[in-house]
Amino acid sequence: MQAGLSLATLEAGLRGATVALLAVLAVLLLRDGRRTPAGLYGALFAASVAAYVVVTVPGLLFYRPLPWLVPLRLVSLGTPAMFWLFALAAFDDAFVASWRHALPWLGTVAIGFVCARGLLSAACPFYHALQLVFVALAIRQALVGRSADLVEERRRFRVALVLASAIYTAAVIVLETFMGGPPASPPLSTINAAGVLALTFVFVFTQLSLSTRGQLIPVAPVMPRGFPVDASPRSDAPPIDDQETALLERLRRLMEEERIYREEGLSVAVLADKLSLPEYRLRRLINRRLGHRNFSTFVNAFRLTDAMVALGDPGQAGVPVVTIALDAGFQSLGPFNRAFKAHTGMTPTDYRRLQLGRREKTA
Numbered sequence: 452m453q454a455g456l457s458l459a460t461l462e463a464g465l466r467g468a469t470v471a472l473l474a475v476l477a478v479l480l481l482r483d484g485r486r487t488p489a490g491l492y493g494a495l496f497a498a499s500v501a502a503y504v505v506v507t508v509p510g511l512l513f514y515r516p517l518p519w520l521v522p523l524r525l526v527s528l529g530t531p532a533m534f535w536l537f538a539l540a541a542f543d544d545a546f547v548a549s550w551r552h553a554l555p556w557l558g559t560v561a562i563g564f565v566c567a568r569g570l571l572s573a574a575c576p577f578y579h580a581l582q583l584v585f586v587a588l589a590i591r592q593a594l595v596g597r598s599a600d601l602v603e604e605r606r607r608f609r610v611a612l613v614l615a616s617a618i619y620t621a622a623v624i625v626l627e628t629f630m631g632g633p634p635a636s637p638p639l640s641t642i643n644a645a646g647v648l649a650l651t652f653v654f655v656f657t658q659l660s661l662s663t664r665g666q667l668i669p670v671a672p673v674m675p676r677g678f679p680v681d682a683s684p685r686s687d688a689p690p691i692d693d694q695e696t697a698l699l700e701r702l703r704r705l706m707e708e709e710r711i712y713r714e715e716g717l718s719v720a721v722l723a724d725k726l727s728l729p730e731y732r733l734r735r736l737i738n739r740r741l742g743h744r745n746f747s748t749f750v751n752a753f754r755l756t757d758a759m760v761a762l763g764d765p766g767q768a769g770v771p772v773v774t775i776a777l778d779a780g781f782q783s784l785g786p787f788n789r790a791f792k793a794h795t796g797m798t799p800t801d802y803r804r805l806q807l808g809r810r811e812k813t814a
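So for the sequence shown, the numbering used here puts the first residue at 452; every next one is plus one.
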C-alpha cells in the first residue's frame, strides 16, 4: 500500500511538472512566434500533450461526469494529428497556416470520440491506425529536406526531437491498442508519466533554443543579384569578418558569373566542395549572412532571376517556357511554375506577356 501511494505521489508530481512546462512553453511560443505557423502549431501541440497528460491520470475515465474533462479529452484525441501539423510548420519554410489544416485534426478527434464511447467497434482499430499514420508522416517530414536545411540549430535538433517523440507516441499507441486504453495504474502509468516529462524537457529546450536565436521568425532573404555581404544577417550573428567577406565574394562569383545554379544535382555538399569548405560552414554562411533558411530557396532565387530575365527578353520571345525553365536549372516545368508564381504572383506566361508588352510600349 505504501509503495503504491509513493508511486501515485511521484506520478502526480511528474504529471504536474509536465503540464506546467508545456503551459509555459505554449505561452512563450504564442508570444514570441505568433507571426509564424511554427509558433502557433508548436503551442497547439504543447496544449494537446498537456491535455493528454491530464486525461490519462489513473481513475479519470472518459465517461465519468466531469464536465471539465470532456473538452480536454477531445483535445487529447487529436494529439497525433497536431504532432504532424507541428512537424510540417516547423520544418517546411513554405508552410502556410490554413483552416484546411483543421480538417485532419477534427477527423481524428471525431473517430477517437466514436472509439472512446464504444459507438462503433471498427472505430478503434481505425483510430489507432490513423494515429500511426500521422506519426509516420511526422517522421517523414523530419527527414525530408534535412540535407537542404540551412538553420544549423534546427537541423541539429529536428531529427532527435521528432524521432524521440514519434517513437514514444508509437509505443503509447501500440500499448493502448493491446491494453484497450492508456496505462491505468502504477507502475506502467508512472513510467508513462516519466517518459512524457523527459520528452517535454527535450521539446521545451529545443523550442526555446530556436526561439531565442530568432529561428521561429524568418529573416527576409537577400535578393541574389549583386547580393551585399551584410544586408540581412541573423539577429544573433556576430559581426562579419574579412574571411567571411571573402567567402561571400567567392560564392557570388560562383552563382552569378559561373552560374553554377544551372548544374543538375547541385547540393550543399557540391557547392561546399567547390568552395573548399565544410558543409556546416557553408550552411552557416548562407543562413547567417544572407538570411536564407533553405538551400533550395537560395538556389531557386538565382534560377528565378535567370528565368525572369529570359522571359522579358524580346530576342527569346519564341523560346518555350519549359526550355527557359530547364536552362535556368529547374528539373521540370511543374516545380518551376509553382516557384515562379509564388515569387511573382503570376504565371511565367503572364509575366512574359506583361514584360514584352511594356517593352513594345516604350519602343
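Positions of the beta carbon are idealized from the N, C-alpha and C atoms, including for glycine.
Specify, as a first and last residue, the run of the alpha helix (DSSP H) that valine 772 falls within.
-> Counting from 1 along the sequence shown, the entry for residue 772 is found at position 321. 772 to 779 is the extent of the alpha helix (DSSP H) around valine 772.
In three-state terms, what does DSSP make of alanine 693?
-> On the sequence shown, position 242 is the one that residue 693 refers to. It is aspartate, not alanine, that sits at residue 693 in the sequence shown. Here DSSP, grouped into helix, strand and coil, assigns aspartate 693 to helix.
Ordered along the chain, which non-local residues of its own chain (more than five positions away) have a Cβ less than 7 Å from that of valine 565?
-> Residue mapping note: residue 565 aligns to position 114 of the sequence shown, counting from 1. Once the five neighbours on either side are set aside, the close Cβ partners of valine 565 are Leu571, Ala574.
Would DSSP call aspartate 764 helix, strand or coil?
-> Taking the first residue of the sequence shown as position 1, residue 764 is located at position 313. Correct three-state label for aspartate 764: coil.
CA-CA distance, proline 679 and glycine 808?
-> Mapped onto the sequence shown, residue 679 falls at position 228. Mapped onto the sequence shown, residue 808 falls at position 357. For proline 679, the pLDDT reaches just 42, beneath the cut-off of 50, and the residue's location in the model is therefore unreliable, leaving the point undetermined.
Phenylalanine 534 - containing alpha helix (DSSP H), residue span | Along the sequence shown, one-based indexing puts residue 534 at 83. 530 to 542 is the extent of the alpha helix (DSSP H) around phenylalanine 534.
Which one of Glu709, Arg804, Val602 has the shortest CA to CA distance from arginine 740?
-> Within the sequence shown, numbered from 1, the residue matching residue 740 stands at position 289. Taking only the C-alpha atoms, the option nearest arginine 740 is Val602.
To the nearest angstrom, how far is it from the Cα of arginine 713 to the Cα of aspartate 801?
-> Along the sequence shown, one-based indexing puts residue 713 at 262. Along the sequence shown, one-based indexing puts residue 801 at 350. Per the coordinates, the alpha-carbon of arginine 713 lies some 24 Å from the alpha-carbon of aspartate 801.
With respect to the alpha helix (DSSP H) encompassing serine 499, which residues constitute its N-terminal and C-terminal limits?
-> For the purposes of this step, residue 499 is taken as residue 48 along the sequence shown, with counting starting at 1. Here the alpha helix (DSSP H) through serine 499 covers 488 to 506.
Classification of tryptophan 550 by the beta-carbon crowding that lies within 10 angstroms, buried from 16 upward = Counting from 1 along the sequence shown, the entry for residue 550 is found at position 99. Exposed: under 16 other Cβ atoms inside 10 Å.
Alpha carbon of phenylalanine 534 to alpha carbon of serine 783, nearest angstrom = Position 83 of the sequence shown holds residue 534. Position 332 of the sequence shown holds residue 783. Note on geometry: alpha-carbon atoms of phenylalanine 534 and serine 783 lie some 32 Å from one another.
Drop a sphere of 10 angstroms on the beta-carbon of aspartate 692, count the other beta-carbons inside from all chains shown, and report buried for 16 or more, exposed for fewer.
-> By 1-based counting over the sequence shown, the position of residue 692 is 241. The residue is exposed, with fewer than 16 neighbouring Cβ atoms inside 10 Å.
Is it the case that the Cβ atoms of phenylalanine 711 and leucine 705 are separated by a distance below 7 Å?
-> As a working mapping, residue 711 is identified with position 260 in the sequence shown. As a working mapping, residue 705 is identified with position 254 in the sequence shown. One point to set straight first is that residue 711 is isoleucine, not phenylalanine, in the sequence displayed. Cβ atoms of isoleucine 711 and leucine 705: closer than 7 Å.
Beta-carbon proximity of leucine 650 to serine 616, cut-off 7 Å = Numbered from its first residue, the sequence shown carries residue 650 at position 199. Numbered from its first residue, the sequence shown carries residue 616 at position 165. In this structure, leucine 650 sits near serine 616, with a CB-CB distance shorter than 7 Å.
Considering only C-alpha positions, which residue in the set Ala644, Phe654, Ala645, Ile642 is nearest to alanine 611?
-> As a working mapping, residue 611 is identified with position 160 in the sequence shown. Scanning Ala644, Phe654, Ala645, Ile642 for the CA closest to the CA of alanine 611 turns up Phe654.
Span separating the alpha-carbon of asparagine 643 from that of serine 727 | Taking the sequence shown and counting its residues from 1, one reaches residue 643 at position 192. Taking the sequence shown and counting its residues from 1, one reaches residue 727 at position 276. When rounded, the distance between both Cα atoms is 48 Å.
Would you decide whether valine 721 is buried or exposed? Buried here means 16 or more other CB atoms lie within 10 Å of its CB.
-> What you label residue 721 is simply residue 270 of the sequence shown in a count that begins at 1. Exposed, by the Cβ-count rule.
Neighbour-count burial assignment, glutamine 592, 16 or more Cβ in a 10 Å radius = Within the sequence shown, residue 592 is the residue found at index 141, counting from 1. Buried, since its Cβ has 16 or more Cβ neighbours within 10 Å.
Based on Cα-Cα distance, which residue from Leu733, Thr530, Asp544, Asp543 lies nearest to alanine 553?
-> Taking the sequence shown and counting its residues from 1, the one referred to as residue 553 is at position 102. Relative to alanine 553, the option among Leu733, Thr530, Asp544, Asp543 whose CA is nearest is Thr530.
What does DSSP give as the partner residues of aspartate 600 in its beta bridges?
-> Stepping through the sequence shown from its first residue, residue 600 is reached at position 149. Note: aspartate 600 sits in a beta bridge opposite Asn745.
How would you write the range of the alpha helix (DSSP H) that glutamine 782 sits in, first residue to last?
-> By 1-based counting over the sequence shown, the position of residue 782 is 331. Counting along the chain, glutamine 782 falls outside any alpha helix (DSSP H), and DSSP gives it neither H nor E.
Under the three-state DSSP convention, the category serine 527 falls into | Walking along the sequence shown from the start, residue 527 turns up at place 76. In the three-state scheme derived from DSSP, where H, G and I count as helix and E and B as strand, serine 527 is classed as helix.
Residue burial classification, arginine 676 (beta-carbon count within 10 angstroms, cutoff 16) = As a position in the sequence shown, residue 676 is number 225, starting the count at 1. The pLDDT assigned to arginine 676 is 47, lower than 50, so where the model puts this residue is not dependable; a value taken from the coordinates is nonetheless given after this. Around the Cβ of arginine 676, a 10 Å sphere holds fewer than 16 other Cβ atoms; the residue is exposed.
Use the C-beta contact count for phenylalanine 652: other C-beta atoms within 10 angstroms, 16 or more gives buried, fewer gives exposed.
-> Mapped onto the sequence shown, residue 652 falls at position 201. The residue in question, phenylalanine 652, is exposed, as its Cβ has fewer than 16 Cβ neighbours within 10 Å.
Buried versus exposed, by CB contacts within 10 Å (16 or more), leucine 581 | On the sequence shown, residue 581 is found 130 positions in, with the first residue counted as 1. Leucine 581 comes out buried.
Alpha carbon to alpha carbon, how far is glutamine 453 from threonine 460?
-> Indexing the sequence shown from 1 puts residue 453 at position 2. Indexing the sequence shown from 1 puts residue 460 at position 9. Confidence at glutamine 453 is low in this model, with a pLDDT of 47, below 50, so its placement is unreliable and no value can be given for it.
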